[in-house]
Amino acid sequence: MYRDFKTTLEIITAVLDDGGLTSDQLRTRFGGMPDRTFKRHMATARKHGAQMESCLEAGGRYVWICRNRRQVESRVRAWLVFERERTLVGESQLDLLHQSL
Numbered sequence: 001m002y003r004d005f006k007t008t009l010e011i012i013t014a015v016l017d018d019g020g021l022t023s024d025q026l027r028t029r030f031g032g033m034p035d036r037t038f039k040r041h042m043a044t045a046r047k048h049g050a051q052m053e054s055c056l057e058a059g060g061r062y063v064w065i066c067r068n069r070r071q072v073e074s075r076v077r078a079w080l081v082f083e084r085e086r087t088l089v090g091e092s093q094l095d096l097l098h099q100s101l
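Just so we're aligned, residue 1 is where the sequence shown starts under the UniProt record's numbering, counting upward by one.
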């Protein structure tokens, strides 16, 4: 459960860092992720408050953006810092912390 959440955070970060990525580019970046898995991660991101949406850009491609970027960015980056420093915390405690968000 937590590993899926970490992947969701990494996808959100990729969208925040590189604003013009399509679904195919994001899935390729994450090891050829199947479309169904990608959609599940985007649904998880929305469930946790990230307003992720695919919109048409001037070049005619659909790219992913986060509409509430400022609100989400600090939370996501804090979670990723926490993930890097989690060596003292067990997996079960991380699952409990994730559920409490």
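Each residue gets a CB set at the ideal place from its N, CA and C atoms; glycine is no exception.
- Under the 10 Å beta carbon count, ALA43 is surrounded by fewer than 16 other beta carbons and is classified as exposed.
- Around the Cβ of VAL81, a 10 Å sphere holds fewer than 16 other Cβ atoms; the residue is exposed.
- Under the three-state reduction of DSSP output, LEU56 falls in the strand class.
- When rounded, the separation of the alpha-carbon atoms in LEU56 and ARG84 is 35 Å.
- Here VAL76 has LEU9, ILE12, THR13, LEU16, ALA50 as same chain residues with Cβ atoms under 8 Å from its own Cβ, once five neighbours each way along the sequence are excluded.
- Spatial neighbours of LEU21 in its own chain (CB-CB distance under 8 Å, excluding positions within 5 residues in sequence) are listed in chain order as ALA14, VAL15, ARG29, VAL63, TRP64.
- Within the DSSP bridge table, the entry for VAL63 names CYS55 as partners.
- Looking only at ASN68, GLY60, ASP35, GLY31, the smallest Cα-Cα distance to ARG46 is reached by ASN68.
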